[in-house]
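As C-alpha cells, the structure follows; a few thoughts come after it.
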Amino acid sequence: MCGITGWIDFERDLTGAGRTIEAMTETLRRRGPDDSGTWLDTHVALGHRRLAVIDPEHGAQPMRSAQAVLVYNGEIYNFQELREQLEGLGHKFATHCDTEVILRGYLAWGKDVVHKLNGIFAFAIWDAARQELLMVRDRLGVKPLYYYPLENGALFGSEPKAILANPHAKARASREELCDALLFLRTPGRVPFQGMQEVKPGHLLRISNGAMEETRYWQLQARPHTDTREQTIAHIRTLLDDIVARQLIADVPLCTLLSGGLDSSVITALAAQGL
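Going by our numbering, the residue at position 67 of the sequence shown is 61; the numbering climbs one at a time, nothing skipped.
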C-alpha cells in the first residue's frame, strides 16, 4: 500500500508550493512508511509515500521521464510480461519495479496502457508535452482515488485528508453527505465532503487547461454460464493458481492473514504450495 497526492493549477506557479505538497504527502505516511518524495513544476505538484514491495532499492516516486511524471499506488500482476513487450519496442529500464512499467507503458501506448494492466492500481500521470493530468483507477476500485475540482485545476489524493491538507480545500458536508457517512452508504463517485469526488472504479479522468473529462474504460459484463460442474471447478482452480502465483511476487517477506474461512484457507494453501 502506497499513497499518492497532487495539485494542478493552470493559472498558478506551483514551483514554490513545496511546503504545501509536503504537508499533503505527510498525511499519507501510514500508507507508505518506507520512503517519501515530491516533485514540482510550473502548474503541477506531486507527492508520494512508498511501501516498498518490489525492487526496494529503486523505484522511488514521483518517477520521471523526459515527457511524463508518475505517482502510483498498487500492484501490476503482469508487469513482467509487459516489460518484455516494452523492451521489444526498444524501451530501456533502470529498475525492476512495476512502477516503471506503467510509466514506459504510457509512453508507448498513451492512455490505452490501462487496457493492458492486470492488477489493482490508482495512479496519476502528468504529461508535460500535452500539459495534461491523467488519473486512473482500477476496474473494481480496490485502490482509492479522490479529487477536488478547483477553478483552474484540481487537488487529488489516496485519502480525503491529503486533499484537505491543502488550504484551497474546505472540509464541509451537506445534510445529504452527512447522512451517507453516518449510515455507511457507499455510492461510487460520491464522497462525504462537499466539492470532493471520487474517481469511479473502471474510470479515468483527464484534466487539461479548461477541461475535465471522465471516461469509463471498463465495465463488468454478464454472460450465460454454460460450463459443466467439472469444467467450472477446473476453470476456477486454474484462475486461483494463476492469481495466487502472480500475487506472491515480492522482494520482501510475505505472509497471509488466515481467518480459518474458506477463502483465506484456499489462498494460504495455494500460496504454501507456490513457496
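We treat Cβ as the ideally placed atom computed from N, Cα and C, and that holds for glycine. As the structure is a computational prediction, the values presented were derived from the model and not from experiment.
Cα-Cα separation between residue i and residue j, rounded to whole angstroms
i: Trp33; j: Pro56; result: 6 Å
i: Asp106; j: Thr209; result: 12 Å
i: Ala156; j: Arg13; result: 13 Å
i: Leu22; j: Gly41; result: 10 Å
i: Val246; j: Gly204; result: 44 Å
i: Leu147; j: Ile201; result: The residue asked about is misnamed: residue 147 is Gly in this sequence, not Leu. Answer to the nearest angstrom: the Cα atoms are 7 Å apart.
i: Arg133; j: Arg231; result: 22 Å
i: Ser259; j: Leu234; result: 12 Å
i: Gly99; j: Gln74; result: 12 Å
i: Ile227; j: Asp221; result: 9 Å
i: Glu224; j: Tyr71; result: 28 Å
i: Ala165; j: Ile119; result: 26 Å
i: Asn160; j: Glu153; result: 13 Å
i: Gln79; j: Phe178; result: 43 Å
i: Leu149; j: Thr181; result: 21 Å
i: Lys194; j: Cys91; result: 26 Å
i: Gly104; j: Tyr211; result: 13 Å
i: Ile237; j: Arg169; result: 42 Å
i: Leu256; j: Arg240; result: 20 Å
i: His229; j: Pro218; result: 15 Å
i: Glu20; j: His85; result: 33 Å
i: Gly24; j: Glu51; result: In the sequence as presented, Gly is not what sits at residue 24; that position holds Arg. If you take the alpha carbons of Arg24 and Glu51, they lie about 20 Å apart.
i: Glu207; j: Tyr66; result: 20 Å
i: Gly196; j: Met129; result: 11 Å
Endpoints, beta strand (DSSP E) assigned at residue i
i: Val128; result: For the record, residue 128 in the displayed sequence is Leu; it is not Val. Element bounds for Leu128: Glu126 to Arg131.
i: Arg200; result: His197 to Ser202
i: Ala148; result: Gly147 to Gly151
i: Ala205; result: Ala205 to Arg210
i: Thr(-1); result: Gly(-3) to Asp3
Endpoints, the alpha helix (DSSP H) within which residue i is located
i: Leu144; result: First-last for Leu144: Tyr140 to Leu144, but that is the beta strand (DSSP E), not the alpha helix (DSSP H).
i: Ile227; result: Arg223 to Gln241
i: Asp174; result: Arg169 to Leu176
i: Arg13; result: Gly12 to Glu20
i: Lys155; result: Pro154 to Leu158
Cβ-based neighbour list, residue i, same chain, cut-off 8 Å, excluding 5 preceding and 5 following
i: Thr36; result: Asp7, Leu8 and Thr9
i: Gln294; result: With the chain represented from -5 up to 269, any question about residue 294 goes unanswered, as that position is not in the structure.
i: Thr262; result: Thr250 and Leu252
i: Arg124; result: Ser202
i: Ala244; result: Val47 and Ile48
i: Glu171; result: Arg184, Val185, Pro186, Phe187 and Gln188
Beta-carbon gap between residue i and residue j smaller than 8 Å
i: Leu139; j: Arg131; result: yes
i: Glu94; j: Gly53; result: yes
i: Val38; j: Gly68; result: no
i: Arg127; j: Ile2; result: In the sequence as presented, Arg is not what sits at residue 127; that position holds Leu. Yes, these two residues count as a Cβ contact at 8 Å.
i: Met18; j: Gly151; result: yes
i: Val108; j: Leu214; result: no
i: Gln188; j: Ala163; result: no
i: Gln318; j: Leu101; result: With the chain covering -5 to 269 only, the question about residue 318 has no answer from this structure.
i: Asp121; j: Thr89; result: no
i: Leu341; j: Phe117; result: Since the first residue of the chain shown is -5 and the last is 269, residue 341 is not available in this structure.
i: Ser59; j: Leu97; result: yes
Close-in-space but distant-in-sequence residues of the same chain around residue i (CB under 7 Å, 5 per side omitted)
i: His136; result: The displayed chain sequence assigns Val, not His, to residue 136. Counting only Cβ-Cβ distances below 7 Å, and skipping sequence neighbours, we find Ile114.
i: Ala11; result: Trp1, Leu34 and Ala39
Same chain only: Cβ atoms within 6 Å of residue i, ignoring 5 sequence neighbours per side
i: Ala46; result: Asp28
i: Ala175; result: Pro186
i: Ser253; result: none
i: Glu5; result: Asn146
i: Gly26; result: Cys(-4), Gly(-3), Arg43, Arg44 and Leu45
i: Arg77; result: Val95
i: Phe87; result: Glu94
Contact with chain D by residue i, beta-carbon distance below 8 Å
i: Asp29; result: Any reference to chain D falls outside this structure, which holds one protein chain only.
(request) For the stretch 34 to 117, list the beta strand (DSSP E) runs that are entirely contained and at least 3 residues long, ordered along the chain. (result) 38 to 44 and 62 to 70
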